[in-house]
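Residue numbers (our numbering): -7 to 155.
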């Protein structure tokens, strides 16, 4: 039940941000689903204690891959889905706590939150890079398989002509 609630609330937050930044109406539901799925993955991984970095990395990679799919399917730029989808993962609460603790001269806690912000932000960046790598690798494999299939067809056509 909690998992469904997390998905639903993150989806609503993503749709709300999509409305604020004025993405096309036809992309709102897909963006909300991407945000909900990614937050649910992030939240579930944190619940099983897989850490901030791995959770953010995995969730961001999922955002980028789903955004790529949605962008191709809906014939829209990928960024229309990436930006709202990443909103639930942005470490705003940690950044606030970092600044607050620096202002209160609590440098130990401020440093702790600063490291969390860096960890999450770095994982977000690497997650987008990983998704791009996965997409390029997938395209390369598909192209190679198509070329191999065409070569096989042309070889068999040449063999039947010789006979």
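Even glycine gets a Cβ: it sits at the ideal position worked out from N, Cα and C.
Shown here, residue 148 sits in a helix according to DSSP, grouped into three states. In this model, residue 42 and residue 34 are separated by some 9 Å (Cα to Cα). Between residue 32 and residue 77, the CB-CB gap reaches or exceeds 8 Å. Here the alpha carbon of residue 62 sits roughly 25 Å from the alpha carbon of residue 45.
Boundaries of the alpha helix (DSSP H) around residue 29: 20 to 39. Secondary structure at residue 76: helix, using DSSP grouped into helix, strand and coil.
For residue 54, the number of other beta carbons within 10 angstroms of its own is at least 16, and it is reported as buried.
Less than 8 Å divides the Cβ of residue 3 from the Cβ of residue 28.
By the C-beta density criterion, residue 90 is buried, having at least 16 other C-beta atoms within 10 angstroms. Here residue 117 is exposed, its C-beta having fewer than 16 other C-beta atoms within 10 Å.
The beta-carbon distance between residue 52 and residue 120, rounded to whole angstroms, is 6 Å. This is short enough to meet the 8 Å contact definition.
Closest option to residue 38, judged by alpha-carbon separation, among 20, 147, -2: -2. Here the alpha carbons of residue 50 and residue 115 stand approximately 8 Å from one another.
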